[in-house]
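By UniProt numbering, the letter at position 181 of the sequence shown is numbered 181, and the numbering carries on one by one without gaps.
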Amino acid sequence: MLSSFLMLSIISSLLTICVIFLVRMLYIKYTQNIMSHKIWLLVLVSTLIPLIPFYKISNFTFSKDMMNRNVSDTTSSVSHMLDGQQSSVTKDLAINVNQFETSNITYMILLIWVFGSLLCLFYMIKAFRQIDVIKSSSLESSYLNERLKVCQSKMQFYKKHITISYSSNIDNPMVFGLVKSQIVLPTVVVETMNDKEIEYIILHELSHVKSHDLIFNQLYVVFKMIFWFNPALYISKTMMDNDCEKVCDRNVLKILNRHEHIRYGESILKCSILKS
Numbered sequence: 001m002l003s004s005f006l007m008l009s010i011i012s013s014l015l016t017i018c019v020i021f022l023v024r025m026l027y028i029k030y031t032q033n034i035m036s037h038k039i040w041l042l043v044l045v046s047t048l049i050p051l052i053p054f055y056k057i058s059n060f061t062f063s064k065d066m067m068n069r070n071v072s073d074t075t076s077s078v079s080h081m082l083d084g085q086q087s088s089v090t091k092d093l094a095i096n097v098n099q100f101e102t103s104n105i106t107y108m109i110l111l112i113w114v115f116g117s118l119l120c121l122f123y124m125i126k127a128f129r130q131i132d133v134i135k136s137s138s139l140e141s142s143y144l145n146e147r148l149k150v151c152q153s154k155m156q157f158y159k160k161h162i163t164i165s166y167s168s169n170i171d172n173p174m175v176f177g178l179v180k181s182q183i184v185l186p187t188v189v190v191e192t193m194n195d196k197e198i199e200y201i202i203l204h205e206l207s208h209v210k211s212h213d214l215i216f217n218q219l220y221v222v223f224k225m226i227f228w229f230n231p232a233l234y235i236s237k238t239m240m241d242n243d244c245e246k247v248c249d250r251n252v253l254k255i256l257n258r259h260e261h262i263r264y265g266e267s268i269l270k271c272s273i274l275k276s
């Protein structure tokens with residue numbers, strides 16, 4: 001049963017990816033919107049789909065077996081009484097051997113699954129500790145606070161719990177925190193880029209905060225920790241990240257004047273070059 005569930009989980013999630021690709025190819029004009037990257041969350045849902053028929057089928061099979069067993073007990077009770085003791089022992093022994101082999105395989109699969117999940121949990125805890133180091137080592141700046149206020153005004157996004165700082169421990173801009181968001185810029189970005197370029201970078205990160213992208217990333221982290229063996233999660237996460245960046249850029253471009261579009265793109269490109 002466990003192996004069947006795991007296999008069905010992989011198949012259903014891979015099929016979901018194929019359906020999403022097909023829909024996006026057929027309706028490309030209608031999928032280029034703010035929800036285009038969030039559609040990949042359906043892959044997470046599809047990993048749990050086998051749970052629904054799993055219980056229904058098992059319950060139905062159990063009920064059917066009970067009915068058949070009752071009928072069999074009623075109609076062939078005399079025949080069972082005439083069975084020899086040797087035949088009964090042989091049957092029980094065969095059943096016990098089969099049950100032992102099945103339970104042993106299930107136990108091994110479960111053991112590998114749990115070990116993989118614990119290993120993923122270890123790396124997740126390690127990543128959170130690295131985030132704590134980055135956050136604790138980052139420095140606040142009145143200059144960055146002013147740039148943040150300007151960007152919030154442009155985006156009309158006045159979330160109270162947003163802070164901004166810079167750190168030499170990172171190579172690219174990052175956003176942390178589900179409730180209290182913290183934008184951290186690399187020191188090299190603050191020292192090298194001009195005011196306008198820094199504002200473009202902050203607008204990009206604010207767009208991630210406004211779209212709640214960090215929540216969806218955390219969901220994927222949890223699912224990948226549990227279903228670490230499922231390749232569909234890694235494929236869909238990569239696709240979601242790419243779509244997320246595109247949506248984020250489109251949202252920023254909407255609030256900028258046309259003559260700023262090229263400068264925005266150049267700033268993003270410059271930021272990427274600086275980290276390399």
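C-beta: ideal position from N, C-alpha, C; glycine also.
Between residue i and the rest of its own chain, which residues show a CB-CB distance below 6 Å, the 5 nearest in sequence each way excluded?
i	result
residue 224	233
residue 198	147
residue 45	none
residue 120	225 and 228
residue 10	230
residue 267	197 and 200
residue 190	166
residue 210	157
residue 203	151 and 252
Only counting the same chain, and skipping five residues up and downstream in sequence, which positions put a Cβ closer than 7 Å to that of residue i?
i	result
residue 188	274
residue 2	106, 109 and 110
residue 236	17, 40 and 43
residue 137	167 and 169
residue 250	none
Mark residue i as exposed unless 16 or more other C-beta atoms lie within 10 angstroms of its C-beta, in which case mark it buried.
i	result
residue 244	buried
residue 19	exposed
residue 195	exposed
residue 278	Past the boundaries of the shown model lies residue 278; the chain is included only from 1 to 276, so the question cannot be answered.
residue 158	exposed
residue 81	Unreliable positioning characterises residue 81 in this predicted model, as indicated by a pLDDT of 44, which lies under 50. The coordinate reading is nonetheless provided below. That one is exposed.
residue 140	exposed
residue 133	exposed
residue 170	buried
residue 272	exposed
residue 247	buried
residue 318	No answer is possible for residue 318: the residues shown for the chain start at 1 and end at 276.
residue 47	buried
residue 212	exposed
residue 25	exposed
residue 259	exposed
Give me whichever residues DSSP pairs with residue i in a beta bridge.
i	result
residue 140	165
residue 176	182
Spatial neighbours of residue i within its chain, please: CB distance less than 8 Å, with the 5 preceding and 5 following residues excluded, ordered by chain position.
i	result
residue 261	253
residue 184	134, 135, 138, 164, 165, 166, 167, 170, 173, 174, 175 and 176
residue 218	178
Cβ pair count under 8 Å reaching 3, the stretch 233-252 against the stretch 34-47
yes
Counting pairs of beta carbons, one from the stretch 104-120 and one from the stretch 151-166, are three or more of them closer than 8 Å?
no
Do the stretch 111-125 and the stretch 174-184 make contact, defined as three or more Cβ pairs closer than 8 Å?
no
Along the chain, which unbroken stretches of the beta strand (DSSP E) at least 3 residues long are found entirely within the stretch 177-265?
181-186
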